Amino acid sequence: MDLNRENYEPVIGLEVHTHLMTKSKLFCGCSTEFGRAPNENVCPVCMGMPGVLPVLNRRVVELAVRTGLAAHCEIAPRSVFDRKSYFYPDLPKNYQISQYETPVCKGGYIEIPAGDGISKKIRLVRIHIEEDAGKNIHEANASLVDFNRSCVPLIEIVSQPDLRSAEEAGAYLRELRSILRYIEASDGRMEEGSFRCDVNVSVRKRGAAEFGVRTEIKNLNSFRFVEKAIDYEVNRQIELLEAGGRVAQETQLWDSVREQTRPMRSKEFANDYRYFPEPDLPPLIVPPAMLEEIRRAMPELPADRRARYIRELGLSAYEAGVLTAERETANYFEAVLPGLSSPRGAANWVMTEVLRVANETGKPIAKAVPAAGEIGALLKMVEARKISLSAAKTAFAAMLKSGAGAEATVAELGLAQVSDTSTIAAACDAAIAAEPAKLAEYRGGRDKLFGFFVGQVMKAMGGKANPKVINEILKQKLAG
Amino acid sequence: MASSADLNRLTIANAAARLRAREISSLDLTRACLERIAAVEPRLHAFITVTEKDALAQALAADRRLAAGAAPALCGIPLGIKDIYATKGVATTCASKILKNFVPPFDATVIAKLRADGAVFVGKTNMDEFAMGSSTENSAFGPTMNPHDLSRVAGGSSGGSAAAVAAGECLAALGTDTGGSIREPASFCGVVGIKPTYSRVSRYGVVAYASSLDQVGPFARSVRDAAIFLRSIAGHDPRDSTCSARPVPDYERALTGDVAGLRIGVPREYFVEGMEPAVEHAVRAALKGYQAMGATLIDISLPHTAYAIACYYLIATAEASANLARYDGIRYGTRAAAEDTITLYEMTRAQGFGAEVKRRIMLGTFALSTGYYDAYYLKAMKVRTLIRRDFERAFETCDVIVTPVAPATAFKLGEKMNDPLTMYLSDIFTISVNLAGLPGLALPCGYDSSNLPIGMQIIGAPFAEEAILRAGDAFERSGAVATRTPAL
Amino acid sequence: MRSAATDTRTRGCYDSGTMANSKITLEQVRHVALLARIELNADEEEHLRADMDQILAYVDKLGELDTSGVEPTMQVGESGTPMRTDEVTNSPDPEAMLANAPARERGYFKVPKIIE
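The following block contains the structure:
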């Protein structure tokens, strides 16, 4: 079937809903704090009691516009809220306040790496503001509803169907989440439900101008599942078409146990949302002054940071990519840098040692490893040849356990490296004198024995000699 | 101590003066009202809930406050509250079975304001279910009778409030007006009612019928009282995003009694065939009276008047269909037994809503549905603009516009219940005012041969409450109409 | 004001949808009832169909007006949506919020089991 697969091109669009990181809800003063007891963070407004009215949270507008600016969108100076009507137990008013015809952000794009240093622009359709619904918990004989999440602010980010593979979809989601975390719009926690993704998948014969029928897959709560679901669904559609069948336009759920998609039993079988402008809210106006303020307050975006690292610090695209994947990592890296002459050394250290520990422990960088200043101090000692690189690694491991600072640890473990040329010269002399036979062999052409002599010198010096200096001096002395 | 029989008939202005002069107490006033309620309620049915204990407690507190010094205008004044206002701890039913056991944990903003001012609430008044109706016959708890003739309707949807004021069960009352629901019952019951400019008064805590049309307003026994009451409740509310931040004038100060030079627009579309002759006669007589006081009458046209009802019944029902979607028996209200959620929704709403409410929800849902939105809802919103423009043009040459409130006086109970459209058509003179968001004052201007009150409507430009109150007050003062107390 | 349309006589035909020029069929009424989540019995369906038919025929008069180029009056706002500062101003009071619940359990609102 591989041959036939090649004739087809997957066409994928993603809709991401993410919570905005505000203290209070979109239309009321309830807390958005996660994890409270049921129905603690609710009030008459977010519970849809008779007579209540919505009042817009300014921070939501700021973060939505920020996101639009980060994604190169056009910010609508005037947009309108709409009511989207449907009945569901977690929807208190049985309509959701959203934006339909006039979203606050239009157009835009997210750039993803497309291999070999090229990047691909994935165009966006729109970004708009809407309120979240509560949560249903299903028990044996009943369902229970908690409205804590009701009215929490969401933005919905809709991409054009520009993605052509599961990998691209994964790259898009990762970049989007990274941007959202960088601009502090969202914490992007998919497992906690603050970053949700629906996928639209279709296939078409390569070269075809029109799109095929698409299905929508919901209930994906990890990037891995998004990629798997896409692969599964693409295959399913291709096989169906190859067998002469037709793809039905339907909504599917991802079954993460069986790892397959299945059609959803209709949730709201008559899906006529009957959108109309929300009469309780005047149109949303983003005046130029507000737009400017938001633009000015914008944190540096990951793409800009990457570019800066490459341009100003001489890092490779790969290194810049790894370091900027998370804003905390990049901030940490920059806090390590001051006083060091080699950014690449620091980059290497953060990428290998620091990230390794952070990933292993699963903790955020701030909690997983010693403070950036301490690592900086350690690396300064390496640059000044006070300790060897391997000694630094030993010190690091000890610092992880003890929480002590760099200077103290190096001192305590006696890791200070000897670079004093006379001491090393003396040790070289001693090592050479002790092995006349090997010396002769070396001088006779067995270059490999160089390493042997280095080892002897190191052993004699208790591993604390600066290897570079040993090499220089030994070379001279062995040469005779 | 003054005789109870008189106290419940006082105006706010009068009662406030006597309270401050220590001639009477709020307790006296309140007791007088409660006694009257006990005497007439079995026949009148203006109240759904009478809050006797709370009222007496409020009266005592008001008296202490009055004794201590300066107190707000409505301190100690017994009021009726339409059962559409959220009143904390007191049932708020909207005259519907679906909310018959709903006790809100919060106050509407205007209720909180009145409480803070020390007003006394004697009870929650009857209304058409969810404010949908023009006669209070759509109440799930039985209609309210007209105090002037118990075989006739009190008007609607704020019939209970209008009747309560007319019958002396309270000194004033709160109503709401979406298509005429303050003005029409005011006219039928022979009291003053005002629908302020849309956004003048906060809608927070007022159970929504049609969000872009609903407005809060008072019923009172005189235009001065209405001015006093309006000033107490108007003003900005951060909880209502549509509420205006404009400062609230001292409306009483506008009541100069002087209408010399006032330009009164008389729209020809409001004096048409089919009106009761007595109504036309009374309003035209009032207009002559204005001329005698120095006002000028200007013949104007509001050409899109005939389209107002169609326009209203698409917009109001559409908004209502969404506003009433929340009544599903899940978070509050009554609930039907059900094994699955679909049945829960369908049966709860089938059993909980009355026929008129269902009809409007169905209409509104249809008007918004795919394929019909453009032809119905969107079209109506455009016609609304045309109606607004009619008034804008009119106010270029007039200061106020005077019309009848309704084509007829109070009709008999049951007379219009067979045909919804006939009922809708009786809103013809009031409805455009809501569509254009303008202020409208209704006050008595005569009686027909059956002694039924006839109301005159004075319409103003946006936020021109002062102009219409001044005009209304001047007419009242002219003594052209002697208000008749119902024999009840 | 008493036009022909108000005569109760014209409410006549209860024939399901075969009336000439009817504005709404029984099928449509059922669909709308589903969208609005209101259960109607056969009698109510018929009455509603007739009522809606009459009212929709009446509102059709809006079609007489040329509204091309007319902006709809969508909202009454003088200067954009008012915005509030992002701060928590409500304190938890689950008991008050649950007090009106027709069915509750362990702090939740209870409904019949939802099938996805």
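Protein chains in written order, with this note's numbering: chain P, 11 to 490; chain D, 928 to 1415; chain G, 13 to 128. Where a beta carbon is used, it is the ideal one built from N, C-alpha and C, also for glycine. Being a predicted model, the structure only gives us computed values, none of them experimental.
Option nearest residue i by Cα separation, candidates the options
| i | options | result |
| --- | --- | --- |
| P1334 (chain D) | D:L971, D:G1382, D:L1271 | D:G1382 |
| T433 (chain P) | P:C53, P:L410, P:R318, P:G472 | P:G472 |
| D491 (chain P) | D:D1167, D:E1200, D:A1205, D:A1249 | The question about residue 491 (chain P) has no answer here: the residues shown for chain P are numbered 11 through 490. |
| A47 (chain P) | P:Q106, P:P20, P:F157, P:D126 | P:F157 |
| L134 (chain G) | P:S41, P:A150, P:M59, P:R88 | Residue numbering for chain G in the displayed model covers 13 to 128; residue 134 (chain G) lies beyond these limits and cannot be assessed. |
| M1308 (chain D) | D:S1129, D:R1287, D:V1327, D:E1246 | D:E1246 |
| K390 (chain P) | P:L423, P:V346, P:S412, P:D430 | P:V346 |
| R1404 (chain D) | D:S1149, D:R947, D:V1049 | D:S1149 |
| N941 (chain D) | D:Q1142, D:F1115, D:K1122, D:L1001 | D:L1001 |
| S400 (chain P) | P:A418, P:P380, P:L425 | P:L425 |
| F221 (chain P) | P:G255, P:P171, P:E269 | P:P171 |
| C960 (chain D) | D:V1037, D:G1050, D:R991 | D:G1050 |
CA-to-CA distance, residue j to residue i, given in whole angstroms
| i | j | result |
| --- | --- | --- |
| G1373 (chain D) | I1355 (chain D) | 20 angstroms |
| P1165 (chain D) | E99 (chain G) | 14 angstroms |
| D1076 (chain D) | L60 (chain G) | 32 angstroms |
| E194 (chain P) | G92 (chain G) | 26 angstroms |
| R970 (chain D) | S1023 (chain D) | 21 angstroms |
| I483 (chain P) | N231 (chain P) | 60 angstroms |
| L938 (chain D) | P1371 (chain D) | Rather than Leu, the amino acid found at residue 938 (chain D) in this sequence is Thr. The alpha-carbon atoms of T938 (chain D) and P1371 (chain D) are separated by roughly 15 angstroms. |
| R1311 (chain D) | C1238 (chain D) | 7 angstroms |
| S1066 (chain D) | H27 (chain P) | 43 angstroms |
| V223 (chain P) | G1281 (chain D) | 44 angstroms |
| A944 (chain D) | E962 (chain D) | 22 angstroms |
| E1196 (chain D) | D1317 (chain D) | 12 angstroms |
Assigned exposure category for residue i - 16 Cβ within 10 Å defines buried
| i | result |
| --- | --- |
| K94 (chain P) | buried |
| S160 (chain P) | buried |
| K1343 (chain D) | buried |
| E278 (chain P) | Its pLDDT being 48, under 50, E278 (chain P) is placed unreliably in this model, and the coordinates cannot settle the point. |
| H148 (chain P) | exposed |
| Y120 (chain G) | buried |
| V267 (chain P) | exposed |
| N210 (chain P) | buried |
| T1103 (chain D) | buried |
| R88 (chain P) | exposed |
| I1288 (chain D) | buried |
| I128 (chain P) | exposed |
| N1378 (chain D) | exposed |
| N369 (chain P) | exposed |
Residues bridged to residue i (per DSSP)
| i | result |
| --- | --- |
| A1161 (chain D) | D:V1128 |
| M1072 (chain D) | D:V1080 |
| I122 (chain P) | P:K130 |
| A1099 (chain D) | D:L1006 |
| E117 (chain G) | G:Y120 |
| M95 (chain G) | P:L66 |
| A475 (chain P) | P:V428 |
| T271 (chain P) | P:W264 |
| N146 (chain P) | P:V155 |
| Y105 (chain P) | P:S95 |
| K215 (chain P) | P:Y18 |
For the stretch 1338-1370 of chain D, which residues have a CB atom closer than 7 angstroms to at least one CB atom of chain G, in sequence order?
N1345, D1346, P1347, L1348, T1349, L1352, I1355, G1364
If you measure beta-carbon to beta-carbon, which residues of the stretch 88-122 of chain P are closer than 7 angstroms to chain D?
Of all residues in the stretch 88-122 of chain P, only R93, S95, F97, P99, P102, K103, N104, Y105 place a beta-carbon less than 7 angstroms from a beta-carbon of chain D.
Chain G contacts made by the stretch 22-41 of chain P, where a contact means CB separation under 8 angstroms:
Cβ contacts with chain G: T32, K33, S34, C38, G39, C40, S41.
In the stretch 1010-1043 of chain D, which residues sit with their C-beta less than 9 angstroms from some C-beta in chain P, listed in chain order?
I1011, Y1012, A1013, T1019, C1021, L1026, F1029, P1031, P1032, F1033, A1035
Relative to chain P, which residues along the stretch 1154-1174 of chain D have a C-beta separation below 7 angstroms, given in chain order?
Across the stretch 1154-1174 of chain D, CB contacts with chain P closer than 7 angstroms involve P1165, R1166, D1167, S1168, T1169, in sequence order along the chain.
Mind checking the stretch 57-77 of chain P against chain G and listing, in chain order, the residues whose C-beta falls within less than 7 angstroms of any C-beta there?
M57, V65, L66, N67, R68, R69, V71
Taking only beta carbons into account, state which residues of the stretch 151-168 of chain P come closer than 7 angstroms to chain G, listed in chain order.
N151, A152, S153, L154, V155, D156
Closer than 8 angstroms, Cβ to Cβ, to anything on chain P: give me those residues from the stretch 28-55 of chain G, in chain order.
H43, L46, L47, R49
Along the stretch 285-303 of chain P, what residues have a CB closer than 7 angstroms to any CB found in chain D?
F286, P289, D290, L291, P292
Short-range partners of chain G found in the stretch 1229-1248 of chain D, where Cβ spacing is below 7 angstroms:
Y1234, A1237, C1238, Y1240, L1241, S1248
Residues in the stretch 97-118 of chain G having any Cβ partner in chain P nearer than 7 angstroms:
T97, D98, E99, V100, T101, N102, P104, P106, M109, L110, E117
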